[in-house]
Structure formats: C-alpha cells, structure tokens
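Chains as they are written, first to last, in our numbering: chain A, 87 to 432; chain B, 87 to 432. First the structure, in the form of structure tokens, and then the observations on it.
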C-alpha cells in the first residue's frame with residue numbers, strides 16, 4: 087500500500103465554456119449568418135478585433151473570480167456550446183466559425199495558462215462526414231496545444247438527422263482522436279427544434295442518447311483506447327442505472343462496467359446534493375470527472391443552500407462516504423488519465 | 087388528526103402495458119401495414135379473432151402471476167406503448183388500430199376487473215390536430231369505463247415534428263381531458279429515428295422533454311385541473327432537480343412546486359434502489375405514483391439483488407425515511423386522486 091497523499095488535490099474542472107466572450111464575437115457571428123444569403127460578404131477572421139485587455143475583462147469578474155471563490159484551479163475551457171450551432175450554414179461556415187472560436191480559446195489559455203487548458207469546437211456540419219473535422223482537430227492539438235474536443239452527436243440542432251455516434255460515419259474522426267490521444271466530450275449545441283429547450287432538454291437528451299448508442303454497439307471494441315466524457319452527470323443515465331444494466335443484460339451484452347466503463351466518463355454537472363450523491367453511489371469513482379459548467383446553464387443562487395446551484399465542488403465535498411483518495415481521483419487523478427495531453431505540475 | 091390507518095394499502099400500479107397480447111394482434115397489425123400501399127385491402131376489425139381463453143392465457147403466466155408474486159393488486163392497463171407507432175400510416179390507420187387495441191384492453195379489464203383498470207391509446211397521427219382524438223377518448227371513457235389515456239408527445243416517432251405539448255395545437259384534447267376528469271400519461275412510442283433506442287433513449291428523452299415544455303409554459307394556468315403523469319420516474323428530471331429549479335429561477339418562473347406540482351406526477355419506474363431513493367428524496371410524496379411497467383422494458387433478474395429489475399415495490403418498501411402514510415399515498419392514495427374515475431372499494 088502506498089502512503090496516503092497529504093497535499094490537497096488540484097481541482098480540475100473538466101467542463102467550462104467561454105460563455106462570457108466579448109460581444110464583438112457575437113457581432114462577427116451575426117455578420118457571418120447575415121452573409122449566408124449571399125447578399126453581403128462573409129466577414130474575414132481579421133475583422134474580429136478583441137484586445138487582450140478585453141479578454142481579461144471578460145474573465146476576471148466571471149470564471150476567474152468564481153475559480154478563486156470556489157477554490158478550483160484549472161478549467162478545461164471550450165467555446166460556448168450553444169453558439170457552436172453546427173446547423174447554421176455550410177461546412178465552410180462552420181469551419182470559419184470554429185477556427186475563430188478555437189483561436190480565441192487559445193488566446194485565453196495563453197493569457198492564463200494556470201487557469202485554463204484548451205478544448206476545441208469541431209467544424210461539424212449536418213450530413214457532412216465527420217472526417218472533415220480532422221484538419222481543425224489536428225491544428226488545435228498539434229499547433230495550439232489543445233487537450234480535448236467537444237463532439238456534437240446532433241449537428242442538425244435537435245432534428246437528429248446524422249447517423250448515431252456508433253456508425254462508421256464517425257470512425258475517421260475517432261481514428262484521429264485515438265492517434266492524438268485526445269478525448270471527446272459528447273456535447274450538443276443549440277436546439278432549433280421547438281420541442282426541445284436547449285439546456286433543459288436537448289443537452290440532457292443528448293447525453294442519454296449517446297450513452298444508449300454506446301450500450302448497443304461495439305464501438306469500444308473497435309476503439310479500445312477511445313475516451314468519451316458524457317457531461318451533465320451523464321444525462322439520465324446514473325438515475326436509471328438499473329434500467330441500463332437490465333437492458334444490457336436482456337440484450338445479452340456484457341455488464342456495463344466491462345462494456346463501457348473503460349471508455350466512458352461522466353462529469354459532475356448535477357446541481358443539487360441528492361443528484362451528486364446518486365452519481366457517486368452508482369458510478370465507479372474512476373469514471374467521474376469533476377466539472378461545474380460555470381459560467382453556464384444555471385447562474386442563480388439556490389435559496390435552500392445560499393450557494394450557486396453550479397458550485398458543484400460543495401456537493402462533492404459534502405458527499406458522504408468518499409475517501410480522500412476518491413476525491414483526489416474525481417478532482418485531479420481521473421482528469422490526468424483522461425486528458426493525457428494536459429500539462430500539469432507533477 | 088385522524089387515527090392512523092391500519093389496513094395495508096391497496097397496491098395500484100399505474101403503468102402497465104399489454105405487452106403479452108396474443109400473436110394474432112400483431113398479425114392483424116402486419117396486415118394493416120401491408121395494406122398501406124393500397125395493393126391489399128386493410129383488414130376489418132372483425133378479422134381479429136381472440137378468444138377469452140387466449141386472453142386469459144396471455145395474462146395468467148405473465149402480469150397476473152407477477153401481481154401475485156409481488157403482492158400488487160391492480161394495474162392501470164394500456165395497449166403496448168411501442169406498438170402504438172402513431173407514425174405509421176394515416177389518421178385512419180391510427181384510429182382503426184387504436185380502437186382495436188382499446189377494445190382488447192376493455193375485454194381484459196372486463197375479464198379481470200379486480201386486476202386491471204383500462205387506460206387507452208389515442209389515435210394520434212403526425213401533423214394531425216389532436217382534436218381528432220376526442221371521439222375515441224370519449225368512447226373509451228364514457229362507453230367503456232376507461233380511467234386514463236396515454237398521450238404521445240411525438241407522434242412522428244423520434245423526429246419530433248409536431249408542436250410542443252404546451253402549444254394551443256393540443257388544447258382541444260386538454261379541454262376534453264379536463265371535462266372528463268381523466269389524466270394523461272405522457273408516453274412516446276417506438277422510435278423510427280436510428281439515433282434513439284426506444285426504451286433506452288426515446289422513452290426517457292420524451293419524459294425529460296415534456297417536463298421542460300411544461301416548465302417553460304403557462305399550460306397549467308390555462309388548465310388548472312389538468313393532470314399529467316410523467317412515467318419512467320420522470321426521465322432525467324428528479325436526478326437534475328437542482329438544474330430545473332435553477333433554470334426556472336433564472337427565467338423568473340415560480341418555484342416548481344407552485345408552477346408544476348399541482349398538475350404533474352411522476353411514476354416509480356426506476357429500476358434500482360438508489361434511483362428510487364433519489365426520486366423519493368426530491369419529489370414530494372404527493373406527486374409520486376407507484377408503477378412498475380411490467381411486463382415491459384426490462385425483463386431480467388438483477389444478479390445483485392436476485393429480484394426482477396422492474397419489481398419496483400421492493401425498492402419502495404426498502405426506501406428509508408418513508409412513513410406508512412407516505413407509502414399509502416404512493417401505493418393508493420395518489421392514484422385515487424389522479425384517476426378519479428377509478429372505481430375502487432372505499
């Protein structure tokens with residue numbers, strides 16, 4: 087047995103989006119969308135002008151303040167998920183927008199290398215083979231030091247018109263992820279289907295849907311080292327863990343631990359104590375990555391606790407039955423394993 | 087204060103489907119689907135011939151045996167949910183199929199009035215106004231004694247092409263439900279979208295989606311006495327109760343208790359103890375209805391417990407912190423309130 091670790095763990099938040107980017111970014115995007123009718127020129131990347139001071143200002147009183155207040159250290163930081171909106175325009179639209187957003191993330195992480203590590207958006211587009219995302223993924227990882235990516239299982243934005251994540255359609259992208267040793271967080275974007283509220287339904291459904299796709303496929307037999315993170319606490323999955331265990335069993339599939347848990351991880355974006363307690367009770371601690379998604383879906387303070395709903399560190403710290411070693415895994419150790427390109431002090 | 091009740095509660099399972107119907111029913115449906123190309127005649131209802139003995143046989147070793155083994159009394163019984171498949175054919179297809187299925191449920195409940203109470207399928211069809219379902223709903227309730235209905239929020243079968251449940255599109259149906267004092271269980275059917283596994287993803291997503299539609303609307307201001315049951319433990323909702331409370335708060339909506347919990351109920355189709363414990367912890371006991379969905383989505387025995395995954399009564403019985411009065415509400419009292427047409431011994 088190794089001696090118990092004494093230094094407190096580093097607190098790595100594996101799920102943060104740049105939701106507070108300067109307004110100029112939105113302005114550029116609005117021009118890009120306006121130009122889709124061909125009547126005005128599409129804006130050039132150089133038309134976006136944001137100074138380093140503006141970047142700092144957008145973060146100092148938001149993510150950086152919250153990191154300090156909550157005692158978290160490093161956020162794996164990606165472009166705003168809602169704004170990915172892969173359903174808008176063409177592959178070229180998506181590529182130009184993704185490059186712009188990823189470059190901004192790179193600048194943020196260069197300004198604050200101790201606070202943020204970069205995760206990229208992929209230039210997906212409905213009905214366009216995901217292989218088309220490989221060059222931007224390689225650019226981000228090899229040239230800019232990105233450590234992960236967000237993978238949208240539904241580029242159509244709530245219409246689910248592309249093949250399931252387990253279809254060979256996606257395999258060229260997985261081959262590159264495996265080669266680069268970069269994990270993917272399965273994360274939908276905005277919903278343009280009026281049935282689905284984005285962060286209240288589409289996000290959670292996307293998580294649940296992806297898990298069930300994985301359960302019914304041999305994806306991880308084909309890619310034994312592929313790693314995926316299902317955010318928002320795994321959607322409905324931990325709450326229905328008995329259902330999923332039973333469905334796998336009825337189908338003659340291996341137990342979920344064997345079938346999926348060498349490859350699938352869940353984050354802790356669950357905004358109340360009972361939800362976190364359930365997650366920690368049913369999912370092995372090795373498969374749980376700390377995350378808060380701040381500043382994100384829910385911004386208020388819970389009147390029952392007096393703390394932010396999304397201050398998930400409080401729930402983990404209060405969860406009964408976790409050992410110090412368990413917390414170390416959730417806060418730091420698992421992230422080191424899942425994001426091997428993350429450069430951290432030893 | 088009234089004296090504590092002494093007799094054990096009646097155990098009412100509010101969610102059971104006739105998944106074990108004689109094969110002749112499927113055969114009739116196959117002929118109906120085959121006839122959709124217009125090359126063969128659509129089968130007449132009278133072409134379905136199932137004897138009372140065949141009905142008994144289909145139930146004796148299935149639902150009835152399980153009721154006896156598990157100690158449950160009465161199942162609110164509806165046609166097989168997967169087979170509703172409202173996306174197939176036209177409104178006429180759906181009406182003929184719904185009538186046939188509902189008539190069969192009526193026969194079952196007439197044969198076993200102590201074991202089953204009837205809940206109907208609605209003859210929904212994609213893009214057809216839900217008002218078209220009113221005559222079949224009235225027939226079932228007024229002529230055949232049905233006590234509830236299943237309402238499919240996505241008649242397209244996984245494409246979500248109809249308006250959200252909170253759109254005025256659905257109001258004529260709600261007016262009739264209110265007039266008849268009949269609740270609706272929000273229940274999707276099969277998925278013809280390859281992204282969505284039916285019982286593993288589409289069902290759970292349907293539940294989550296419906297809840298979020300309700301949260302963002304004033305449906306229950308317009309229909310203060312409308313009652314809806316969200317099955318499968320409410321999809322992802324109780325697990326993410328903090329998220330939903332926070333989203334409502336951020337939007338300036340009233341607290342969920344006030345906004346939704348006079349109208350929305352959750353069943354207990356959650357197939358492991360931690361899930362049931364969470365449901366009971368976060369949702370008021372007045373809003374929880376016992377259910378198992380047997381014989382349904384998960385049919386196996388959990389090797390960890392030695393009992394059927396869907397033997398949900400065991401989880402309720404084992405749940406810590408419930409009083410006898412709480413259990414009485416979950417097993418019987420709430421169902422009496424939510425299904426006022428249910429005729430039960432006093």
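Heads up, the beta-carbon is just placed ideally off N, CA and C, and yes, glycines get one too.
Checklist entry - Three-state secondary structure (DSSP) at residue 207 of chain A? => result The residue given as residue 207 of chain A occupies position 121 in the first chain. Note: residue 207 of chain A maps to strand in three-state DSSP.
Next on the checklist: Which residues of the stretch 314-330 of chain A have a Cβ closer than 8 Å to any Cβ of chain B? Give them in chain order.
Outcome noted: 318, 319, 321, 322, 324, 325, 326, 327, 328, 329, 330
Checklist entry - Which parts of the stretch 295-369 of chain B are runs of the beta strand (DSSP E), unbroken and 3 residues or longer, counting only runs that do not cross its ends? => result 314-316, 350-353
Checklist entry - From residue 260 of chain A to residue 394 of chain B, what does the alpha carbon distance come to, in whole angstroms? => result Position 174 of the first chain holds residue 260 of chain A. Position 308 of the second chain holds residue 394 of chain B. In a straight line, the C-alpha of residue 260 of chain A is about 37 Å away from that of residue 394 of chain B.
Checklist entry - Enumerated in chain order, which unbroken segments of the alpha helix (DSSP H) with a length of 4 residues or greater are wholly contained in the stretch 179-208 of chain A? => result none
Checklist entry - Exposed or buried, what is residue 346 of chain A when buried is set at 16 or more other beta-carbons lying within 10 Å of its beta-carbon? => result In the first chain, residue 346 of chain A corresponds to position 260, counting from 1. Counting Cβ neighbours within 10 Å, residue 346 of chain A comes out buried, since at least 16 surround it.
Checklist entry - Since residue 134 of chain B and residue 167 of chain B are thought to touch, with beta carbons under 8 Å apart, how far apart are those beta carbons, to the nearest angstrom? => result Stepping through the second chain from its first residue, residue 134 of chain B is reached at position 48. Stepping through the second chain from its first residue, residue 167 of chain B is reached at position 81. Contact flag wrong, Cβ pair sits at about 20 Å.
Checklist entry - In three-state terms, what does DSSP make of residue 98 of chain A? => result As a working mapping, residue 98 of chain A is identified with position 12 in the first chain. In this structure, residue 98 of chain A counts as strand in the three-state DSSP scheme.
Checklist entry - Between residue 313 of chain A and residue 213 of chain A, what straight-line distance do the alpha-carbon atoms span, to the nearest angstrom? => result The residue you call residue 313 of chain A lines up with position 227 of the first chain. The residue you call residue 213 of chain A lines up with position 127 of the first chain. When rounded, the distance between both Cα atoms is 24 Å.
Checklist entry - How big is the Cα-Cα spacing for residue 368 of chain B and residue 422 of chain B? => result The residue you call residue 368 of chain B lines up with position 282 of the second chain. The residue you call residue 422 of chain B lines up with position 336 of the second chain. Taking the straight line from one Cα to the other gives about 22 Å.
Checklist entry - Leaving out the 5 sequence neighbours to the left and right, which residues in its chain are closer than 7 Å to residue 246 of chain A when beta-carbon positions are compared? => result Position 160 of the first chain, counted from the start, is the residue given in the question as residue 246 of chain A. Same-chain partners within the cutoff: 240.
Next on the checklist: Quick check: the stretch 279-292 of chain A against the stretch 324-341 of chain A, are at least 3 beta-carbon pairs closer than 8 Å?
Outcome noted: no
Checklist entry - Checking contacts by CB at 8 Å: is residue 335 of chain B closer than that to chain A? => result As a first step, residue 335 of chain B is located in the second chain; it is residue number 249 there, counting from the start. Closer than 8 Å to some Cβ of chain A, the Cβ of residue 335 of chain B qualifies, so yes.
Item to check | Cutoff 8 Å; reference residue 331 of chain B; Cβ partners in own chain excluding five residues on either side | outcome: To locate residue 331 of chain B, count along the second chain from 1; it is residue 245. Here the set comprises 341, 342.
Checklist entry - Closest to residue 94 of chain A by CA distance: which of A:426, A:403, A:344 is it? => result Taking the first residue of the first chain as position 1, residue 94 of chain A is located at position 8. Of the listed residues, the one whose Cα sits closest to residue 94 of chain A is A:403.
Checklist entry - Which chain A residues sit within Cβ distance under 8 Å of residue 278 of chain B? => result Counted from its first residue, the second chain places residue 278 of chain B at position 192. By Cβ distance, chain A contributes nothing, its closest Cβ being about 11 Å from residue 278 of chain B, past 8 Å.
Next on the checklist: DSSP has residue 161 of chain A in a bridge; who is on the other side?
Outcome noted: As a position in the first chain, residue 161 of chain A is number 75, starting the count at 1. Note: residue 161 of chain A sits in a beta bridge opposite A:99, A:202.
Checklist entry - Taking the beta strand (DSSP E) that residue 270 of chain A falls in, what are its first and last residues? => result Numbered from its first residue, the first chain carries residue 270 of chain A at position 184. Its beta strand (DSSP E) spans residues 270-272.
Checklist entry - How far does the alpha helix (DSSP H) with residue 113 of chain A in it reach, from first residue to last? => result Walking along the first chain from the start, residue 113 of chain A turns up at place 27. Here the alpha helix (DSSP H) through residue 113 of chain A covers 109-120.
Item to check | Rounded straight-line distance, which links the Cα of residue 147 of chain A to that of residue 426 of chain B | outcome: On the second chain, position 340 is the one that residue 426 of chain B refers to. On the first chain, position 61 is the one that residue 147 of chain A refers to. Whole-angstrom Cα-Cα distance: 54 Å.
Checklist entry - On the premise that residue 328 of chain B lies in contact with residue 358 of chain A, defined as a C-beta separation below 8 Å, what is that separation, rounded to the nearest angstrom? => result For the purposes of this step, residue 358 of chain A is taken as the residue at position 272 of the first chain. For the purposes of this step, residue 328 of chain B is taken as the residue at position 242 of the second chain. So it is a contact: roughly 3 Å between Cβ atoms.
Checklist entry - Just to confirm, are residue 352 of chain A and residue 365 of chain A a CB contact at a threshold of 8 Å? => result Reading the first chain from its first residue, position 266 is the one you call residue 352 of chain A. Reading the first chain from its first residue, position 279 is the one you call residue 365 of chain A. Yes.
Checklist entry - Taking the beta strand (DSSP E) that residue 236 of chain B falls in, what are its first and last residues? => result Numbered from its first residue, the second chain carries residue 236 of chain B at position 150. It spans 234-237 - the beta strand (DSSP E) in which residue 236 of chain B sits, taken as one unbroken run.
Checklist entry - Counting contacts by CB-CB distance shorter than 8 Å, is residue 306 of chain B in contact with chain A? => result Taking the second chain and counting its residues from 1, one reaches residue 306 of chain B at position 220. Residue 306 of chain B does not count as touching chain A.
Checklist entry - Do the stretch 229-238 of chain A and the stretch 262-276 of chain A make contact, defined as three or more Cβ pairs closer than 8 Å? => result yes
Checklist entry - Can you give the Cα-Cα distance for residue 87 of chain B and residue 100 of chain B, rounded to whole angstroms? => result Within the second chain, numbered from 1, the residue matching residue 87 of chain B stands at position 1. Within the second chain, numbered from 1, the residue matching residue 100 of chain B stands at position 14. In this prediction, residue 87 of chain B scores a pLDDT of 49, lower than 50, which makes its location untrustworthy; no coordinate-derived value is stated.
Checklist entry - With residue 305 of chain A and residue 354 of chain A assumed to form a contact (beta carbons below 8 Å), what rounded beta-carbon distance in angstroms separates them? => result Taking the first chain and counting its residues from 1, one reaches residue 305 of chain A at position 219. Taking the first chain and counting its residues from 1, one reaches residue 354 of chain A at position 268. 24 Å between Cβ atoms; not a contact.
Item to check | Cβ-heavy atom distance, residue 154 of chain A to the ligand SAM, below 7 Å | outcome: With respect to small molecules bound, the structure shown includes none, and the ligand SAM cannot be examined in it.
Item to check | 8 Å Cβ cutoff, residue 425 of chain A in contact with chain B | outcome: Counting from 1 along the first chain, the entry for residue 425 of chain A is found at position 339. Judged by the 8 Å Cβ criterion, residue 425 of chain A is not in contact with chain B.
Next on the checklist: Once the 5 residues before and after residue 123 of chain A are set aside, which same chain residues still bring their CB inside 8 Å of it?
Outcome noted: As a first step, residue 123 of chain A is located in the first chain; it is residue number 37 there, counting from the start. So no residue of the chain qualifies.
Item to check | Within 9 Å of chain A by C-beta, residues of the stretch 241-274 of chain B in sequence order | outcome: 244, 245, 246, 247, 248, 249, 250, 251, 253
Checklist entry - Using a C-beta to C-beta distance shorter than 7 Å, which residues of chain B count as neighbours of residue 386 of chain A? => result Residue mapping note: residue 386 of chain A aligns to position 300 of the first chain, counting from 1. Going along chain B in sequence order, the residues near residue 386 of chain A (Cβ under 7 Å) are 332, 335, 336.
Next on the checklist: Judging by CA-CA distance, which residue of B:254, B:360, B:322 is the nearest neighbour of residue 400 of chain B?
Outcome noted: Locating residue 400 of chain B in the second chain gives position 314, counting from the first residue. The shortest Cα separation from residue 400 of chain B among B:254, B:360, B:322 belongs to B:360.
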